[in-house]
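Report on the following structure.
Residue numbers (mature numbering (1 follows the signal peptide of the UniProt record, and there is no 0)): -22 to -1, 1 to 251.
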């Protein structure tokens, strides 16, 4: 069976394309992209960031830098390697003696944290974690501002770093909430704002109850007759003084002066019980 001219031409074209591609691959040596577990990679050629070809290869002299993923610990191996020019072969960055060392590449340890992140001093255990439990390496736990504060800026985080919890970020700015000004306190009478909280008090003539928020009237007459020379009358939140017949209340509101009749009134002593 004879081949048609069209089929023969097509075969020659395909053969030529394969030959050209083979020569090009021989002319431009490549390295297989190294996908190392638990790492991220950035590669550059002549200072420009590059990605693998569709065949998963880098061309010669491509320099790649590997870093362990967040939460993983570098335990060995080179972080930078350069494409040597044969598939699958990379070489470590040149040593001071000019020699290159073969290696499997960077090695990262990524053990999980067995327990929770714990409390943040002064904040409590209200951590919001990105995952867990269990908590894998790289788990981040966020700690909000404590009660009485609002978040201003920044973050407060702990990171599971190869089985150990570490303080990762600690630049959280918390702003005090003025509960008194915001009228969100429980005080019956007087509210005083404090850092992260507030305290309650009472107006003159009242005493703060054991609950720390309510106030009871003080009977001033029970303490030294309220300072009155004659009679003491308790009122809600205060008291008043009054005088016996023949006397008038002095300007100080406590003492009694004789009425201006020209005669000194006589105060009859009370009978002893």
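Each residue gets a CB set at the ideal place from its N, CA and C atoms; glycine is no exception. Here the structure is a predicted model, which means the values were calculated and not measured.
Measuring CA to CA, which of the options is closest to residue i?
| i | options | result |
| --- | --- | --- |
| residue 166 | 173, 21 and 177 | 177 |
| residue 55 | 43, 61 and 62 | 43 |
| residue 161 | 210, 153, 152 and 175 | 175 |
| residue 61 | 192, 8 and 236 | 8 |
| residue 223 | 192, 237, 20 and 215 | 237 |
| residue 96 | 113, 85 and 83 | 113 |
| residue 130 | 148, 152, 230 and 18 | 152 |
| residue 192 | 169, 198 and 213 | 169 |
| residue 212 | 164, 199 and 91 | 199 |
| residue 41 | 48, 87 and 29 | 29 |
| residue 89 | 47, 197 and 32 | 47 |
| residue 68 | 49, 145 and 38 | 38 |
| residue 23 | 36, 12, 187 and 107 | 36 |
Taking 6 Å as the limit between beta carbons, can you name the residues of its chain near residue i, skipping five residues before and five after?
| i | result |
| --- | --- |
| residue 110 | 117 |
| residue 150 | 132, 133 and 134 |
| residue 239 | none |
| residue 313 | There is simply no residue 313 to check, as the chain begins at -22 and stops at 251 in what is shown. |
| residue 76 | Residue confidence is low: residue 76 scores 40 on pLDDT, short of 50, so the model does not pin down where it sits. Its coordinate-derived value is still stated next. Cβ within range, chain order: n/a, list empty. |
On the CB-based measure, 16 or more other CB atoms within 10 Å of its CB, does residue i come out buried or exposed?
| i | result |
| --- | --- |
| residue 140 | buried |
| residue 58 | exposed |
| residue 137 | buried |
| residue 83 | buried |
| residue 105 | buried |
| residue 115 | buried |
Only counting the same chain, and skipping five residues up and downstream in sequence, which positions put a Cβ closer than 8 Å to that of residue i?
| i | result |
| --- | --- |
| residue 159 | 171 |
| residue 208 | 219, 220, 221, 222, 225 and 234 |
| residue 184 | 167, 193, 194, 195, 196 and 215 |
Quick one: what's got a C-beta closer than 7 Å to residue i's C-beta in the same chain, skipping five residues either side?
| i | result |
| --- | --- |
| residue 252 | Residue 252 lies beyond the stretch modelled for the chain, which goes from -22 to 251, so this question has no answer here. |
| residue 203 | 210 |
| residue 235 | 225, 226 and 228 |
| residue 205 | 232 |
| residue 147 | 133, 134 and 135 |
Does any residue of chain B have a CB that is nearer than 7 Å to the CB of residue i?
| i | result |
| --- | --- |
| residue 9 | Reference to chain B is not applicable here, since this structure consists of a single protein chain. |
Subject >> Those runs of the alpha helix (DSSP H) which lie wholly inside the segment 173 to 219 and span at least 4 residues >> reply: Counting only runs of 4 or more, we get nothing.
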